[in-house]
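Asker: Heads up: the sequence shown runs through residues 48 to 213, numbered per this note's numbering. Ideal Cβ positions, reconstructed from N, Cα and C, are used throughout, including at glycine. Remember, predicted model here, so these are calculated numbers, not experimental data.
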Amino acid sequence: ARLVALWQSVGFCHGVLNTDNMSIVGVTIDYGPFGFMDTHDPGHICNKSDDGGHYAYDQQPSICRWNLKKLSEALAPYLSSEDVAGVLKMYDEEFEKCFLNKMRTKFGLIHVKLEEDIKLVEGFLDTLHKTACDFTNGFRGLNNLCVPGCCDDESDVDVTLTYLVS
């Protein structure tokens, strides 16, 4: 959960998240046609043989969860259905927590954690997508934003906005 949350926070696409490419210790192998997104596209597919988008960027968290479920099926003689449900719930919670914490850090939201922070993140990612902004440069551009009332020159805001959508 933590590994895929970190991938999502930097726009990394594994490419081939088959069950045999994930380890029980929380690492992955056989990265195949991996890559980082340039333009933010939730449906980005770095593996050109993935016609259906099974391993697309936005599918990675659910594919890793599905792989974990498949592992639990192999271990079914040793796990109760309650154990499996608990592990899958823990995966979901850990992914959400890790992803949001990483994104809060990228936004500089490190002193106070608000429930609304996820809306800020989702809105920003949606804007990156709608404007075809580069994933990495979109976040880097946040460094150029002026805090309202602190800018020396209002043209700084226009320059930053032009940079973000170009």
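#1: Please look up how many angstroms separate the CB atoms of CYS214 and TYR104, rounded, as I've assumed it's under 8 Å.
#2: To the nearest angstrom, report how far apart PHE154 and ASP88 are at their CA atoms.
#3: In the structure shown, what three-state DSSP assignment does GLY58 receive?
#4: Measure from the alpha carbon of SER56 to the alpha carbon of each residue in THR174, LEU189, VAL168 and LEU192, then state which is nearest.
#5: Thinking LEU192 and GLY185 are a contact (beta carbons under 8 Å), I'd like their distance in whole angstroms, please.
#6: Below 9 Å between beta carbons: does that hold for ILE76 and MET69?
#7: Find out if the Cβ-Cβ distance for the pair PHE182, ARG49 is shorter than 9 Å.
#8: Note down, in chain order, each residue of its chain lying with its Cβ closer than 6 Å to the Cβ of CYS111, except the 5 sequence neighbours on either side.
#9: If GLY79 sits next to GLY62, beta carbons under 8 Å apart, how far is it from one beta carbon to the other, in whole angstroms?
#10: Leaving aside the five residues before and after ASN94 along the sequence, list all residues of the same chain whose C-beta is less than 7 Å from its C-beta, in chain order.
Answerer: Let's see:
#1: Any answer about residue 214 is impossible in this case: the structure gives the chain only from 48 up to 213.
#2: A straight line joining the alpha-carbon of PHE154 with that of ASP88 spans about 20 Å.
#3: DSSP, read as helix, strand or coil, puts GLY58 in coil.
#4: Comparing Cα-Cα distances from SER56 to each of THR174, LEU189, VAL168 and LEU192, the minimum goes to VAL168.
#5: Between GLY185 and LEU192 the Cβ distance is about 11 Å, and since that is not below 8 Å, they are no contact.
#6: The answer is yes: Cβ separation under 9 Å.
#7: No. Outside cutoff.
#8: So the list reads VAL51, once near-sequence residues are dropped.
#9: Sure, about 5 Å apart at Cβ, within 8 Å.
#10: Excluding residues within five positions, the ones whose Cβ falls inside 7 Å are GLY62, VAL63, GLY79, PRO80 and TYR102.
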